[in-house]
Amino acid sequence: MNLRSNAFENNGFIPNKYSCKGQDINPDLTWDNVPEGTKSFALSVKDPDAPMGTFVHWLVYDIDKAHRKIEEKSIRGKQVKNNFGKESYGGPCPPSGVHRYFFSLFALDTESLGEIHSMNEFDEKVQKHTIEKAELMGRFEK
Numbered sequence: 002m003n004l005r006s007n008a009f010e011n012n013g014f015i016p017n018k019y020s021c022k023g024q025d026i027n028p029d030l031t032w033d034n035v036p037e038g039t040k041s042f043a044l045s046v047k048d049p050d051a052p053m054g055t056f057v058h059w060l061v062y063d064i065d066k067a068h069r070k071i072e073e074k075s076i077r078g079k080q081v082k083n084n085f086g087k088e089s090y091g092g093p094c095p096p097s098g099v100h101r102y103f104f105s106l107f108a109l110d111t112e113s114l115g116e117i118h119s120m121n122e123f124d125e126k127v128q129k130h131t132i133e134k135a136e137l138m139g140r141f142e143k
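Below, the structure is given as structure tokens:
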């Protein structure tokens with residue numbers, strides 16, 4: 002499975018538009034080569050370089066198996082509260098230095114993960130049902 006964005010290349014810099022310095026909207030994402038047996042998708046955006054440990058920017062699940070893209074500034078599933086305390090995308094906004102942001106797409110073997118109320122619950126349920134994972138990593142410096 003492959004995950005891409007028109008906004009930035011893998012290992013490239015994420016434009017200000019998608020950060021706290023800009024419009025703070027999610028970039029477009031597209032994927033292909035989906036594994037057989039996929040019944041839904043989940044998506045996470047995490048910064049492992051945050052000073053207090055991994056910072057969660059976006060968690061989305063129950064994305065329909067027919068979808069192959071998420072448009073800029075749009076949502077295709079249910080969201081879980083991120084480390085900003087919001088059920089939405091929160092763009093890069095590191096205190097200092099270059100940080101890495103991992104956009105991870107998970108092909109799942111279930112149509113629905115049910116209700117999810119925490120980041121830990123998201124991680125546990127996604128891990129349990131993942132068939133395949135694709136990643137796109139972008140960098141950002143404030």
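First residue of the sequence shown: 2, per my numbering; consecutive thereafter. C-beta atoms are modelled at their ideal positions from N, C-alpha and C, and glycine is treated no differently.
Apart from the five residues just before and just after S20, which ones in its own chain have a Cβ nearer than 7 Å to its Cβ?
G92, P93, C94 and F141
Which residues in the same chain have their Cβ closer than 7 Å to the Cβ of N83, if we skip the five residues on either side of it in sequence?
V57, H58, W59, L60 and G91
What whole-angstrom Cβ distance do T131 and L109 have, given they're in contact under 8 Å?
6 Å
I need the DSSP call for V99, collapsed to helix, strand or coil.
strand
State the Cα-Cα distance for the pair K18 and S6, rounded to the nearest angstrom.
Taking the straight line from one Cα to the other gives about 14 Å.
Can you tell me which of G38, K129, S89 and E37 puts its alpha carbon nearest to the alpha carbon of D25?
S89
What are the partner residues of R5, as DSSP defines its beta bridges?
T31
If contacts are defined as beta-carbon pairs under 8 Å, then L114 and Y62 qualify, I think. What distance do you get, rounded to the angstrom?
5 Å
Classify V127: buried if its beta carbon has 16 or more other beta carbons within 10 angstroms, exposed otherwise.
Of the residues assessed, V127 falls on the buried side of the cut-off, its CB having 16 or more other CB atoms within 10 angstroms.
Apart from the five residues just before and just after K129, which ones in its own chain have a Cβ nearer than 6 Å to its Cβ?
none
Candidates R77, K70 and P49: which alpha carbon is nearest N34's?
K70
With DSSP collapsed to three states, give me the class of D63.
strand
How is the beta strand (DSSP E) around D48 delimited, first residue to last?
S41 to D48
Below 8 Å on the Cβ atoms is my contact criterion, and I expect D124 with E72 to pass it. Report the Cβ-Cβ distance as a whole number of Å.
The Cβ separation is near 26 Å, so there is no contact.
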